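Structure, as structure tokens:
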Amino acid sequence: MHANVGDKLLMHGRTVGQHDRVAEVVEVLGQKGDPPYRVRFDDGHEALMSPGPDTVVRHIERP
Numbered sequence: 376m377h378a379n380v381g382d383k384l385l386m387h388g389r390t391v392g393q394h395d396r397v398a399e400v401v402e403v404l405g406q407k408g409d410p411p412y413r414v415r416f417d418d419g420h421e422a423l424m425s426p427g428p429d430t431v432v433r434h435i436e437r438p
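When we follow our numbering, the leftmost residue of the sequence shown carries the number 376, and every step to the right adds one.
Structure (structure tokens):
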């Protein structure tokens, strides 16, 4: 998995009734876009994470 600052991580819910969550990558701590990432969720909460197989990277369009 590779991500850049500004990309969005979409984490799919693992159980029935659990909603998907979206977080913005604010810092890439690995080399060449690899995890771990510092992310910010919609509610302002920040976390350090190494996404699992239930996470998809949504890359932002760069000019």
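Yeah, the Cβ is synthetic: ideal placement off N, Cα and C, and Gly gets one too. Owing to the predicted nature of the structure, the values given are computational and were not obtained by experimental measurement.
Tell me where the beta strand (DSSP E) around residue i begins and ends.
i: T390; result: Element bounds for T390: n/a, residue is neither H nor E.
i: M424; result: E421 to M424
i: R415; result: Y412 to F416
Tell me which residues share the same chain as residue i and place their Cβ nearer than 7 Å to its Cβ, disregarding the 5 neighbours each side in the sequence.
i: D417; result: V397
i: I435; result: G381 and D382
i: D395; result: L385, M386, H387 and G388
DSSP puts residue i in a beta bridge; with which residues?
i: L384; result: A398 and V432
So, at 6 Å on beta carbons, what are the nonlocal neighbours of residue i in its own chain, with the 5 sequence-adjacent residues on each side left out?
i: V401; result: R413 and R415
i: V431; result: L385
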